[in-house]
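**Q** Numbering-wise, my numbering comes out as the position in the sequence shown, counting from 1, plus 1.
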Amino acid sequence: MASTNNTRSDRSGVILLAFFTFPPLEEWINRMKDKHPGLEKNNPLSCGMVSPLMIPLIAPPANLLKSVRFVLAASSGLDRWIGHPTYNDPDVLFANARGGTAQEIAEWVMGTWLAHGHRLYEYYDLQKKGEWETWSGTPRVQDSPGQRIGVLGYGAVGRQVGRIANALGMEVYAYTRSERPTPESLREFLSQDLEMLAISLPLSGTDGSLISHE
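Structure, rendered in structure tokens:
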């Protein structure tokens, strides 16, 4: 997408490559054109010089990024770029969207916890069959108050998970690698009778081996 609005000299001639794995919605394109008069939609192979790149998840082929000097990832992690020629180029600046989806991810995490504790998946399957479970007199649900949740990685996502869990009456135990860097401290953290462990660490070479079947 190229801006042809010469009233902004600092943006004249700048071409933004927005790489999608699916056709972008026309509504989004029209909204961008209304906000940035003079914006043009072009084929990336015919754009020539490209300065910034906006990318949702998948890293584009390196041959499309020869002129890219700035990459904005629409995700917190950059693990999909590891080993990519553009990522290894010292002249290319990378930025992520850290914290941009913290609320949504935290709601999904805690929603999954509630669905598991209250057996919503089982009830949904029974509903689809048109059946109803006869109560045996023994409670088979797990309420949140008093339960212990461990949050491994207390960044934007981890903090939001902690806030929601605290609002549900849970005991929140947080672990940050910057303050507790030793394997012993991690084992101590995991040995606190946690009912739930939320992992919100960057997917990197070092963090990927922190948790195992043990």
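We put the beta carbon where it would ideally sit given N, CA and C, even for glycine.
In this text the structure is predicted, and so the values were computed from the model without any measurement.
Whole-angstrom Cβ separation of Leu169 and Pro203, contact assumed at under 8 Å?
**A** Taking the first residue of the sequence shown as 1, we reach residue 169 at position 168. Taking the first residue of the sequence shown as 1, we reach residue 203 at position 202. With a Cβ gap of about 26 Å, Leu169 and Pro203 do not count as contacting.
**Q** How about the segment 186-196 and the segment 129-136: do they share at least three Cβ pairs that are nearer than 8 Å?
**A** Taking 8 Å as the limit for Cβ pairs, the verdict is that the segment 129-136 does not touch the segment 186-196.
**Q** I need the DSSP call for Phe190, collapsed to helix, strand or coil.
**A** Residue 190 sits at position 189 when you count from the first residue of the sequence shown. If DSSP states are grouped into helix, strand and coil, Phe190 belongs with the helices.
**Q** Once you ignore the five residues that flank Val162 on each side, which residues in its own chain have a CB closer than 6 Å to its CB?
**A** Position 161 of the sequence shown, counting from 1, holds the residue named residue 162. Within the same chain, Val162 has close Cβ partners Ala107, Val110, Val152 and Ala199.
**Q** Look up Ala175 in the DSSP assignment and give the residues it is bridged to.
**A** Position 174 of the sequence shown holds residue 175. Val152.
**Q** Helix or strand or just coil, what does DSSP make of Glu132?
**A** The sequence position of residue 132 within the sequence shown is 131, counting from 1. Coil at Glu132, not helix or strand.
**Q** Buried or exposed: where does Arg9 fall if 16 or more other Cβ atoms within 10 Å of its Cβ makes it buried?
**A** What you label residue 9 is simply residue 8 of the sequence shown in a count that begins at 1. With a pLDDT of only 45 at Arg9, under the threshold of 50, the placement of this residue in the model should not be trusted; the figure read from the coordinates follows. The residue in question, Arg9, is exposed, as its Cβ has fewer than 16 Cβ neighbours within 10 Å.
**Q** Quick one: Cα of Pro38 to Cα of Leu26, how far?
**A** The residue you call residue 38 lines up with position 37 of the sequence shown. The residue you call residue 26 lines up with position 25 of the sequence shown. If you take the alpha carbons of Pro38 and Leu26, they lie about 18 Å apart.
**Q** State the CB to CB distance for the pair Leu94 and Phe71, rounded to an integer number of angstroms; the pair is presumed to be in contact (CB under 8 Å).
**A** As a first step, residue 94 is located in the sequence shown; it is residue number 93 there, counting from the start. As a first step, residue 71 is located in the sequence shown; it is residue number 70 there, counting from the start. Their Cβ separation, rounded to whole angstroms, is 5 Å, which keeps Leu94 and Phe71 in contact under 8 Å.
**Q** Helix, strand or coil for Ala98? Go by DSSP, reduced to three states.
**A** Counting from 1 along the sequence shown, the entry for residue 98 is found at position 97. The answer is coil: DSSP assigns Ala98 none of H, G, I, E or B.
**Q** Within the same chain, show all residues whose beta-carbon is closer than 6 Å to that of Tyr176, passing over the 5 residues directly before and after it, in chain order.
**A** Mapped onto the sequence shown, residue 176 falls at position 175. Once the five neighbours on either side are set aside, the close Cβ partners of Tyr176 are Leu153 and Phe190.
**Q** Tell whether a beta-carbon distance below 9 Å holds between Val158 and Ala103.
**A** Residue mapping note: residue 158 aligns to position 157 of the sequence shown, counting from 1. Residue mapping note: residue 103 aligns to position 102 of the sequence shown, counting from 1. Yes; because the gap between Cβ atoms is below 9 Å, this pair is in contact.
**Q** Tell me where the alpha helix (DSSP H) around Leu115 begins and ends.
**A** The residue given as residue 115 occupies position 114 in the sequence shown. It spans Ala103 to Gly118 - the alpha helix (DSSP H) in which Leu115 sits, taken as one unbroken run.
**Q** Do you know how far the Cα of Asn97 is from the Cα of Leu218?
**A** No information on residue 218 is available, as it lies outside the stretch 2 to 215 that the chain covers here.
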